[in-house]
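Let me begin by presenting the structure, written as structure tokens, before commenting on it.
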Amino acid sequence: MYKIIRLAILPVLLTTQISSTSHVTFLKADASQDTYALINKSLAPVKGDVVEVSDCSHKDFGPHITQAFDKELGKDVFVFHAHVDYDNDRCQKMDRQRTEIKTYGASGDHLVGTAGEKHTYTWLFKLDKDFQPTTSFTHIHQIKAIGGSDSMPMLTFSPRKKKINTFEIRYALLDTAENIASVPLEPFLGEWIVAEETIVYGEEGSLEITLSRKRDNKILLTLNKQLNMWRSGATLVRPKWGIYRSLNKKEDLRDEQVRFADIQITEY
């Protein structure tokens, strides 16, 4: 873990070997650079485009991922935008909205998971103090299998509207998701949250998650489970970050901005 912390003093964008058995990729906001180009330079260093946004359906707004200086952190961060009345899923699906970044096959082997590998993902995120989830799905992080039965994410971080709103970790081996952790949403709101997620990919895999409040280091959620973290027929597994939400309960929602910073992927 100390190696990961020390990497923060290196240049803004870093993809480097830290030992013979691990590989780290670090994405940090820098408002002096074009946002989409910066993201792609880190998460698609070989070729391609890993930005999935609603720009085509909401051209008047412009880029749906921007950068801003965050006074609390004292540095630039990424701002992911979702607008109830204008955005959809890339002009392909109209019943949902997507503003996400990801890795994928063309990103490079060290940025996607395959059976037998261990990956750690760390990042910061901040939900607005008045953030409104829906009774349908809202995901701010996904682990997605590619190939086989891949319509449903294997894992999501999902704020959800209930009598007492919750922050849920949802897991799906195939086509049915279940909560494997659920805590009240309120302590997350208006706060920078430090996320650390370690996955061993495989049928005899494992999942370890810690979510803590940066302001006082208070742990808000922990999870450590042995799980099947592979799907039959899958070729790879990839992480996603952003806002992906259903419009089935449009009345639940408002325009949102979710902030992300310091995304790091470590392959062992």
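For the sequence shown, the residue numbers in this note's numbering are 1 to 268.
By construction, the Cβ of each residue, glycine as well, lies at the ideal position given by its N, Cα and C atoms.
What you are looking at is a predicted structure, and each value in this text was computed from that prediction instead of being measured.
Nonlocal neighbours in the same chain, by C-beta distance under 7 Å from residue i, ignoring five residues either side
i      : result
Met152 : Ala172, Asp175, Ala177
Asn228 : Leu173, Glu203, Gly205
Trp230 : Ala115, Tyr201, Gly202, Glu203, Gly205
Ile164 : Pro184
Residues bridged to residue i [DSSP beta-bridge criterion]
i      : result
Arg170 : Thr156, Asn179
Pro184 : Thr166
Leu27  : Ile263
Val200 : Lys118, Ser206
His64  : Looking at the DSSP assignment, His64 forms no beta bridge with any residue, so it has no partner.
Arg98  : Tyr244
Thr138 : Arg245
Gln257 : His81
Ile143 : Leu155, Pro239
Beta-carbon spacing of residue i, residue j below 7 Å
i      : j      : result
Ile263 : Leu38  : no
Ala234 : Ala145 : yes
Phe78  : Ser246 : no
Leu207 : Lys225 : yes
Gln132 : Arg254 : yes
Glu256 : Ala31  : no
Thr135 : Lys161 : yes
Tyr244 : Arg98  : yes
Pro87  : His110 : Note that residue 87 corresponds to Asp in the displayed sequence, not to Pro. Against a cut-off of 7 Å, the Cβ pair of His110 and Asp87 comes out as no contact.
Ala181 : Ile193 : no
Ala261 : Leu124 : yes
Beta-carbon proximity list for residue i, same chain, < 8 Å, skipping 5 on both sides
i     : result
Asp34 : none
Ser22 : Thr266, Glu267, Tyr268
Best match in the options for proximity to residue i [C-alpha to C-alpha]
i      : options                        : result
Arg215 : Thr99, Lys126, Leu111          : Lys126
Lys118 : Asp252, Arg238, Phe61          : Arg238
His141 : Cys56, Lys102, Asp252          : Lys102
Thr25  : Gly108, Thr66, Asp252, Ala181  : Gly108
Thr198 : Thr99, Ser232, Ile143          : Ile143
Lys240 : Asp252, Leu155, Arg213, Leu221 : Leu155
His64  : Ser54, Ala261, Ala29           : Ser54
Beta-carbon proximity list for residue i, same chain, < 6 Å, skipping 5 on both sides
i      : result
Thr122 : Glu196, Gln264
Phe167 : Pro159, Val183, Leu185, Phe188
Asp70  : Val77
Gly113 : His119, Tyr201, Val237
Asp95  : Leu247
Gly190 : Lys129
Ala8   : The predicted position of Ala8 is uncertain, since its pLDDT is 37 and thus under 50; a value taken from the coordinates is nonetheless stated next. Around Ala8: no qualifying Cβ.
Near the ligand ZN: residue i beta-carbon under 6 Å from a heavy atom
i      : result
Ile164 : This structure simply doesn't include the ligand ZN, nor any ligand for that matter.
Contact with chain B by residue i, beta-carbon distance below 7 Å
i      : result
Leu211 : Absence of chain B from the displayed structure is noted, only one protein chain being present.
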